[in-house]
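As structure tokens, the structure follows; a few thoughts come after it.
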Amino acid sequence: MLVVPHPHLFDSTETGIGISWAGDGVDLDVYVLPYPDAQELYYKRDRTREGFLYRDERTGNVGRYFEFVEFKGAVDLSRVSIWVNFYAGRGPVSGQIALFDRGQVKIGSFSISAARGNHGGGDRATSQCWVQIHPFELTAATVPLSARKPVEAN
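Going letter by letter, the sequence shown gives residues 1206 to 1359 in this note's numbering.
Structure, rendered in structure tokens:
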């Protein structure tokens, strides 16, 4: 697995969440709900009042850029809901999640056991194509990240 060092272009006041995975033709999507009454950020709604999705990665992105959601302001991580969907391709698939929070980087891994993607369908709580990520289960990054944080173009 190709890895890159901690991002050097990260504003220590920002909070964001990124996912990376391996696999040509494997498309995963990150869904982030900043708090219960907010609009969820994902590939079909890439900008809201609370944040934005840099880019929808449609194939494995290890060694490149995270599929990354960044918040525009302060966020209470205890209220954030994060889901990863196995949209397309053949599985099973696993990946890395990185949380950039005010200068700290926390990481974790996830696995999806489904044999193929479900194009964002199915019940999140019961479908093998969905996995929920809990921010407080992530640990301080002690190993290099598998992708880079993107930089927004002006």
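Each residue gets a CB set at the ideal place from its N, CA and C atoms; glycine is no exception. Remember, it's a predicted structure, so these values are computed and weren't measured experimentally.
In this chain, the beta strand (DSSP E) harbouring E1272 covers 1272-1276. Inter-segment contact for the stretch 1252-1268 and the stretch 1309-1320 is absent: fewer than three beta-carbon pairs are separated by less than 8 Å.
Within the stretch 1250-1299, complete beta strand (DSSP E) segments of at least 3 residues are found at 1256-1258, 1272-1276, 1286-1293, given in chain order. Closest in alpha carbon position to A1243, among I1317, F1276, A1320, L1304, is F1276. For D1306, the closest alpha carbon among the candidates V1336, L1343, Y1270 is that of L1343. Around Y1292, the same chain offers D1232, L1233, D1234, G1322, H1324, G1325 as residues with beta carbons nearer than 7 Å, after the five sequence neighbours per side are excluded. K1354 counts as buried, since at least 16 other C-beta atoms from the protein chains shown sit within 10 angstroms of its C-beta. The C-beta distance from N1266 to C1334 rounds to 18 Å, too long to meet the 8 Å contact threshold.
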